[in-house]
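S.K.: Below: one structure in structure tokens.
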Amino acid sequence: MQIALAPMEGLVDNILRDVLTRVGGIDWCVTEFIRINDQLLTPAYFHKFGPELLTDARTASGVPLRVQLLGSDPVCLAENAALACELGSEVIDLNFGCPAKTVNKSRGGAVLLKEPELLNQIVEHVRRAVPAHIPVTAKMRLGFDSPDGSLVCATALAEGGAEHIVVHARTKMDGYKPPAHWEWIPRVQEVVKVPVFANGDIWSVEDWRRCREISGVEDIMLGRGLVSRPDLARQIAAARAGEEVVEMTWAELLPLIQDFWLQAKAQMTPRQSPGRLKQWLAMLTRNYPEAVELFTLLRRETELDQVSRLLGLQVAEAA
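Residue numbers (the working numbering): 2 to 320.
Right, here's the structure in full:
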């Protein structure tokens with residue numbers, strides 16, 4: 002079984018990847034999507050989204066990072082994929098699942114599920130452009146407004162050369178509304194010979210068990226469930242191995258939140274960093290009452306030193 006951390010735009014950046022992969026249980030992670038239009042991007046642009054490329058495409062805890070590209074031009078995607086490999090990416094992932102309206106309007110993400118022939122061309126071009134030992138993988142939803150075309154799309158991706166396919170078991174129009182339709186995943190697996198990963202609505206070990214029973218697949222990708230329960234991958238890995246599942250306590254989590262804040266403060270503008278912290282804390286409120294209390298205290302706070310104090314960090318006072 003492989004457990005992957007999902008690429009979530011505006012949320013799972015290099016800082017959160019660092020913190021979450023440190024907890025354990027995650028086998029690999031993915032950059033936020035890198036949008037490809039009509040030009041070859043610069044190395045600096047790739048490093049902005051994946052600074053881990055400068056450290057052998059690994060997070061600080063050693064978890065491999067793969068670069069994810071989004072776009073609709075097979076030639077440009079192929080050229081940028083080749084550059085990403087030169088920069089150190091050991092896998093190229095292609096995004097056919099983003100449901101954002103702005104992305105779909107510019108012919109990227111889930112809207113391409115309306116064009117299975119183009120899906121096939123994109124994967125074929127990228128596959129030919131990157132070294133033979135570099136896997137090309139793909140992430141898709143069940144379709145744009147109906148899952149009826151999902152089998153055709155998955156077949157197009159696999160025949161194009163995708164080494165595995167992550168299936169977010171909702172359509173674009175479903176957004177993130179529950180439930181995820183795990184029952185479609187075995188149907189996808191039936192028509193392709195490559196591994197299929199299940200993604201969507203796995204918030205707990207119990208959800209994982211139900212997903213595995215319904216989908217019939219072992220490999221999973223965790224998104225919001227892992228962000229809101231940072232040890233979820235570790236819990237699932239323990240359950241899969243028949244070991245005791247021990248949940249992370251708030252006392253264990255708080256140092257990770259503090260470190261996240263220190264990294265955010267160092268890497269982001271004073272205006273951005275408090276918002277990013279609050280974004281993660283808001284998701285943690287789903288599982289930690291202490292996060293509710295802390296989020297309430299921080300909700301309207303924008304002064305950096307005061308945020309640090311509320312997190313229990315010492316602040317060097319001006320002389």
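No residue lacks a Cβ here, since even glycine has one placed at the ideal position from N, Cα and C.
Per DSSP, K140 forms a beta bridge with which residues?
M.R.: By 1-based counting over the sequence shown, the position of residue 140 is 139. N96, V167.
S.K.: Using the C-alpha atoms, what's the distance from V247 back to D74?
M.R.: Locating residue 74 in the sequence shown gives position 73, where the first residue counts as 1. Locating residue 247 in the sequence shown gives position 246, where the first residue counts as 1. Cα to Cα, the separation comes out at about 46 Å.
S.K.: Report yes if the C-beta distance between R213 and E219 is below 8 Å; otherwise report no.
M.R.: The residue given as residue 213 occupies position 212 in the sequence shown. The residue given as residue 219 occupies position 218 in the sequence shown. Contact: yes.
S.K.: Beta carbon of L84, beta carbon of L41: below 8 Å?
M.R.: Along the sequence shown, one-based indexing puts residue 84 at 83. Along the sequence shown, one-based indexing puts residue 41 at 40. Closer than 8 Å, so yes.
S.K.: Around the C-beta of L295, are 16 or more other C-beta atoms found within 10 angstroms, so that it is buried, or is it exposed?
M.R.: The sequence position of residue 295 within the sequence shown is 294, counting from 1. Per the 10 Å Cβ criterion, buried.
S.K.: Can the beta-carbon of V193 be found less than 8 Å from the beta-carbon of P136?
M.R.: Position 192 of the sequence shown, counted from the first residue, corresponds to residue 193. Position 135 of the sequence shown, counted from the first residue, corresponds to residue 136. Cβ distance not < 8 Å, so V193 and P136 don't count as in contact.
S.K.: Could you give the first and the last residue of the continuous beta strand (DSSP E) run that contains I16?
M.R.: The residue you call residue 16 lines up with position 15 of the sequence shown. Element bounds for I16: not the beta strand (DSSP E) but the alpha helix (DSSP H), 15-24.
S.K.: Since N200 contacts M222 with CB under 8 Å, what's their CB separation in whole angstroms?
M.R.: Translated into positions along the sequence shown, residue 200 becomes position 199. Translated into positions along the sequence shown, residue 222 becomes position 221. About 4 Å separates the two Cβ atoms, so the contact holds.
S.K.: Looking at the ligand MN, does it come within less than 7 Å of E80, judged from the CB to the closest heavy atom?
M.R.: Summarising the ligand content, the structure contains no ligands, and the ligand MN is consequently not present.
S.K.: Does the Cβ of E304 have 16 or more other Cβ atoms within 10 Å, making it buried, or fewer, making it exposed?
M.R.: Numbered from its first residue, the sequence shown carries residue 304 at position 303. Looking at its Cβ environment, which holds fewer than 16 other Cβ atoms inside 10 Å, E304 is exposed.
S.K.: Please determine, among D19, G313, R23, the residue with the shortest C-alpha to C-alpha distance to G51.
M.R.: Within the sequence shown, residue 51 is the residue found at index 50, counting from 1. Here the closest residue by C-alpha is D19.
S.K.: Over what stretch of residues does the beta strand (DSSP E) that includes F145 continue unbroken?
M.R.: By 1-based counting over the sequence shown, the position of residue 145 is 144. Taken as a continuous stretch (DSSP letters only), F145 belongs to no beta strand (DSSP E), as it is neither H nor E.
S.K.: For the beta strand (DSSP E) holding M222, just list the boundary residues, first then last.
M.R.: Here residue 222 refers to the residue found at position 221 of the sequence shown. Note, M222: beta strand (DSSP E), 221-223.
S.K.: Would DSSP call L78 helix, strand or coil?
M.R.: On the sequence shown, residue 78 is found 77 positions in, with the first residue counted as 1. Helix.
S.K.: If you follow the beta strand (DSSP E) that R67 is in, where does it begin and where does it stop?
M.R.: Position 66 of the sequence shown holds residue 67. Segment 66-71, the beta strand (DSSP E) holding R67.
S.K.: What first and last residue would you give for the alpha helix (DSSP H) that runs through F47?
M.R.: Within the sequence shown, the letter at position 46 stands for residue 47. From DSSP, the alpha helix (DSSP H) with F47 extends over 44-50.
S.K.: To which residues of the same chain is L311 closer than 8 Å at the C-beta, ignoring the five residues directly before and after it?
M.R.: The residue given as residue 311 occupies position 310 in the sequence shown. Around L311: L295, L298, L299, E302.
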